[in-house]
Amino acid sequence: MTPKKRAEKSSAAMWSSDNASKWAGMEIAEVDAGRAVLQLTVEAHHCNGHGICHGGVTFMLADSAFAFACNSRNQATVAQSNSITYTAPGRLGDRLTADAREVSLTGRSGIYDVTVKNQDDLVIAEFRGLSRAIKGHLFEE
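Structural data, given as structure tokens:
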């Protein structure tokens, strides 16, 4: 199986039971080994009291992209630590894209960077996730 095919099967297995990402309105745009791109259109229920996209929604989008990237090799993997820096607000109607890329994978530990941009290529946030592989797989090979 090619790395891309494994990533696609892994993401399909995860997506089938990922009620949180679906509930938030996310879509998977692309997956490959160590990489995932998820998208979300900011709707009224995603906005906070300032009328901008809630930081938790932006974090959730980045975290979901991170999850699909670090599980792309069919090895069950969870977050160990995450951080985010917001650089601009997401606004009602924006199409946000979270692009997760593997920076390092050594043994059971990984480092992933996720950039969240809007439809105008404006960076909304930068996220770094640290992953840890656990027992299990997403599908039988």
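Each position in the sequence shown, counted from 1, maps to that position plus 190 in this note's numbering.
Beta carbons are placed, not taken as given, at the ideal position from N, Cα and C, and that holds for glycine.
Everything numeric in this text was worked out from a predicted model, so none of it was measured.
For N209, the secondary structure class from DSSP, reduced to helix, strand or coil, is helix. Distance between T192 and M204, taken at the CA atoms: about 18 Å. For G245, the enclosing alpha helix (DSSP H) begins and ends at G245 to C260. Pairwise C-beta distances place the segment 235-244 out of contact with the segment 256-275, as fewer than three of them are shorter than 8 Å. Per DSSP, reduced to three states, the secondary structure at R263 is coil, with no helix or strand assignment. DSSP places E198 within a helical segment (H, G or I) once states are collapsed to three. If you draw a 10 Å sphere on the C-beta of D311, you find fewer than 16 other C-beta atoms in it, and that means exposed.
Taking the C-beta atoms as reference points, G326 is found nearer than 7 Å to A266. Taking all protein chains shown into account, V293 has fewer than 16 neighbouring C-beta atoms within 10 Å of its C-beta and is therefore exposed.
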